[in-house]
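Per the working numbering, the sequence shown starts with residue 9, numbered consecutively.
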Amino acid sequence: MKKSLLFLLIILNLISCEVSTKPIDYGNDSCELCKMIVSDKRYGTEIVTKKGKVFTFDSVECLLHFLNQKKIKNSDIFGIYITDFSKPDFLHDATSSFYLLSEKLPSPMGENITAFQNKQIALKQQVKYTGYVLNWKELQKIVKR
């Protein structure tokens, strides 16, 4: 009986420690980098560590500048997430998403980076707003400059 109770407690502890994103509380959460209130649902982003700590940002550029500052080790990151500009109700994997750099689509911190879940959506928006479509690795190289 004691062994099965101990086993049950271990299982419950593991379940409660599940690492995942958290919904961004727009209008209340503040950006980890610039400390501004995260208010535009089309641009919110998150980094989640393997320990479950969630860092929230008001834009892709703030998230990238935070990563460039090496405040957390890459090996400690569970996931990096973006909001798709065209469907802002969900967070998506930033590393498999695509990004439109367009002066006609200004982002909160002025670097004109807008995220999309997939390349097709980004290309469709490129026709509307002009600019350049980049994948995650290409975007990281540009923002590091």
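We treat Cβ as the ideally placed atom computed from N, Cα and C, and that holds for glycine.
Kindly list the residues whose CB is nearer than 7 Å to the CB of residue i, restricted to its own chain and excluding five residues on each side of it in sequence; keep chain order.
i, result
"Glu40", "Phe63, Thr64, Phe65 and Phe74"
"Gln148", "Leu72"
"Leu131", "Val141"
In the DSSP assignment, what are the bridge partners of residue i?
i, result
"Gly87", "Val56"
"Ala123", "Tyr107"
"Leu99", "Thr91"
"Ile141", "Note on identity: in this sequence residue 141 is Val, with Ile being the wrong assignment. Looking at the DSSP assignment, Val141 forms a beta bridge with Leu108."
"Thr64", "Glu54"
"Ile45", "Ser38"
Assuming residue i and residue j make a contact with CB atoms under 8 Å, what is their CB distance in whole Å?
i, j, result
"Ser67", "Ser115", "5 Å"
"Phe106", "Lys127", "5 Å"
For residue i, is the classification buried or exposed, using 16 other Cβ atoms within 10 angstroms of its Cβ as the cut-off for buried?
i, result
"Gly118", "exposed"
"Glu69", "buried"
Do residue i and residue j have their CB atoms nearer than 9 Å?
i, j, result
"Ala102", "Thr53", "yes"
"Thr138", "Arg50", "no"
Who are the Cβ neighbours of residue i in its own chain at under 8 Å, not counting the five residues just before and after it?
i, result
"Phe124", "Asp92, Phe93, Ser94, Ser105, Phe106, Tyr107, Leu108, Ala130 and Gln133"
Closer than 6 Å by C-beta to residue i: which residues in its own chain qualify, once you throw out the five before and the five after it? Chain order, please.
i, result
"Ser158", "Beyond the ends of the chain as shown, which are 9 and 153, falls residue 158; an answer cannot be given."
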